[in-house]
Amino acid sequence: MNAPASCRRRSDCRLCRSTRLEPAFSLTPTPPANAFVTESERDVSQTSFPLDLFLCADCGHFQLLDVVNPAALFEDYVYVSGTSPVFVEHFRRYAKRAIALSGAASGDLVVDIGSNDGTLLRFFKEFGLRVLGVDPAKEIAARANAAGLETWTGFFTPSLSLKILREKGPATLVTANNVFAHADDLRGMATAARDLLASDGLFVFETSYLADVYEKTLFDTIYHEHLSYHSVAPLLPFFESLGMQLVEAERVDTHGGSLRGVAQKAGGRLKVGASVTMRLEEEARLGLTSLAAFASYAARIGALKTKLLSVLTKFKAGGKRLAAFGAPAKATTLMHHFGIDGELVDFIIDDSPLKQGLYSPGLHIPVLPSSAVAERRPEGLLVTAWNFADPIIAKNKAFLDGGGTFIVPLPRVKIIE
Numbered sequence: 005m006n007a008p009a010s011c012r013r014r015s016d017c018r019l020c021r022s023t024r025l026e027p028a029f030s031l032t033p034t035p036p037a038n039a040f041v042t043e044s045e046r047d048v049s050q051t052s053f054p055l056d057l058f059l060c061a062d063c064g065h066f067q068l069l070d071v072v073n074p075a076a077l078f079e080d081y082v083y084v085s086g087t088s089p090v091f092v093e094h095f096r097r098y099a100k101r102a103i104a105l106s107g108a109a110s111g112d113l114v115v116d117i118g119s120n121d122g123t124l125l126r127f128f129k130e131f132g133l134r135v136l137g138v139d140p141a142k143e144i145a146a147r148a149n150a151a152g153l154e155t156w157t158g159f160f161t162p163s164l165s166l167k168i169l170r171e172k173g174p175a176t177l178v179t180a181n182n183v184f185a186h187a188d189d190l191r192g193m194a195t196a197a198r199d200l201l202a203s204d205g206l207f208v209f210e211t212s213y214l215a216d217v218y219e220k221t222l223f224d225t226i227y228h229e230h231l232s233y234h235s236v237a238p239l240l241p242f243f244e245s246l247g248m249q250l251v252e253a254e255r256v257d258t259h260g261g262s263l264r265g266v267a268q269k270a271g272g273r274l275k276v277g278a279s280v281t282m283r284l285e286e287e288a289r290l291g292l293t294s295l296a297a298f299a300s301y302a303a304r305i306g307a308l309k310t311k312l313l314s315v316l317t318k319f320k321a322g323g324k325r326l327a328a329f330g331a332p333a334k335a336t337t338l339m340h341h342f343g344i345d346g347e348l349v350d351f352i353i354d355d356s357p358l359k360q361g362l363y364s365p366g367l368h369i370p371v372l373p374s375s376a377v378a379e380r381r382p383e384g385l386l387v388t389a390w391n392f393a394d395p396i397i398a399k400n401k402a403f404l405d406g407g408g409t410f411i412v413p414l415p416r417v418k419i420i421e
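If you're matching positions, the sequence shown starts at 5 in this note's numbering and goes up one per residue.
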């Protein structure tokens, strides 16, 4: 990493600025989830940072307060959307839905915050819209530009928003996918989006949804890049305080369960949809503003750990070799919190060339291409990219047919033979 990974702790709620923050539970500290290292760095210990979760006693927002230097997290990013056919199709449908909601016409401007390799922008461009991406990952932004998808390198701030407004005009759509949880300054990001929007423009964001994280025990989506675990109840007053209005809150199935929010300037043309009321009712039923709910959640995580480790240790005790399939950020939390190290897992397989040949954050397990399944012949594959378990298993049918075993850790432990 070019920027050193340092950490500070904030003392107020990211949404409402209250200082009444109550500790909910803690996960095992880890290095940044995408801090892969090279062969020469393999013997150097990496600094781990806290994963302590807090609940705001005033608005109910669930969040990390320890903020790792964002330059260290994002400027040399190794995740790209376009390597996953599932995400490519998701973004195609997403673009169609956003255009239909906004009524965007040919030539209208779409700005994507955290645009990554431009997978979503490419679809907007195909539909005839003008597109601009903003992303701090220098190498990935350069590749998007080379592919004809204009991308500005940097973080989306109010000053950058005004620069875009001056040079490109107002945006019909501002999108933010899996980055609305990443910003420490959420007020700054939402204000910048609001200022860039045309009077009838829409801010559309997708983010991991706390109701799914809670119901399905998706604790591994908790890592330092994800500072906020959003639910609808705290977002309503947050947007209102900025002169905006949340008008849709749809559940989508990406990342095991996400929230797609749609916000407009106050008094905009869209009426508040039934999806907002539905989410509020679901959240109240789950008790997402209750510390007791998160105490039981932590107990569920502990039970899952006991079950999975029992399966893995029995598997290894039989003299069998085990590899992990997938090196997503969530695998860092899963492996550190459950104590799944190089003693249990010989290597990790990942389809991203950006991760192949590197070693996993903190545990320093080698990351290899999928050809390693046939070359190294492990008897078991732990599907750490569990949200893609079905396509991974389908693609590796030969491994299964040859007597191999898949172990899926979440949302519940499954053994497929």
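Yeah, the Cβ is synthetic: ideal placement off N, Cα and C, and Gly gets one too. Small disclaimer: the values here were computed from a predicted structure and weren't measured.
By alpha-carbon distance to A389, the top candidate from E379, P382 and S356 is S356. Residue range A175 to N181 is occupied by the beta strand (DSSP E) that includes A175.
Leaving aside the five residues that flank F160 on each side, the residues in its chain whose CB is nearer than 7 Å to its CB run, in chain order, I117, V138, M193 and A196. Rounded to the nearest angstrom, the gap between the Cα atoms of A333 and V371 is 13 Å.
Classified as exposed, L295 has fewer than 16 neighbouring CB atoms from the shown chains inside 10 Å of its CB. The residues R325, L326, A327 and D350, in chain order, have a CB closer than 7 Å to that of P382 in the same chain once the five nearest residues on each side in sequence are set aside. A check of alpha carbon separations from F66 across G152, Y218 and R46 identifies Y218 as the nearest.
The beta carbons of G306 and A297 sit no closer together than 8 Å. Short of 8 Å from the beta carbon of E45, and not among the five residues preceding or following it, lie these beta carbons of its own chain, in chain order: Y363. Per the coordinates, the alpha-carbon of S163 lies some 38 Å from the alpha-carbon of H340. Distance from L59 to A108 at the Cβ level is roughly 37 Å; contact not present, criterion being Cβ atoms closer than 8 Å.
With a 10 Å radius around the Cβ and a threshold of 16 neighbouring Cβ atoms, S110 comes out exposed. Counting along the chain, I344 sits inside no beta strand (DSSP E), nor does DSSP assign it H or E at all. Its chain contains P174, A175, V178, F207 and K269 as the residues whose beta carbon lies nearer than 7 Å to that of L201, once the 5 sequence neighbours on both sides are disregarded; these appear in chain order.
Between L190 and S232, the C-beta spacing is below 8 Å. The three-state reading of DSSP puts R12 in strand, counting E and B together.
The beta carbon of K418 is closer than 6 Å to those of V412 in its chain, skipping five residues each way along the sequence. A Cβ-Cβ separation of about 6 Å places D204 in contact with G272 under the 8 Å criterion.
Residue pairing by DSSP places E26 opposite L59 in a beta bridge.
In the DSSP assignment, S212 forms a beta bridge with S262. In the pairwise beta carbon analysis, the segment 149 to 156 is classified as touching the segment 114 to 130: at least three pairs are separated by under 8 Å.
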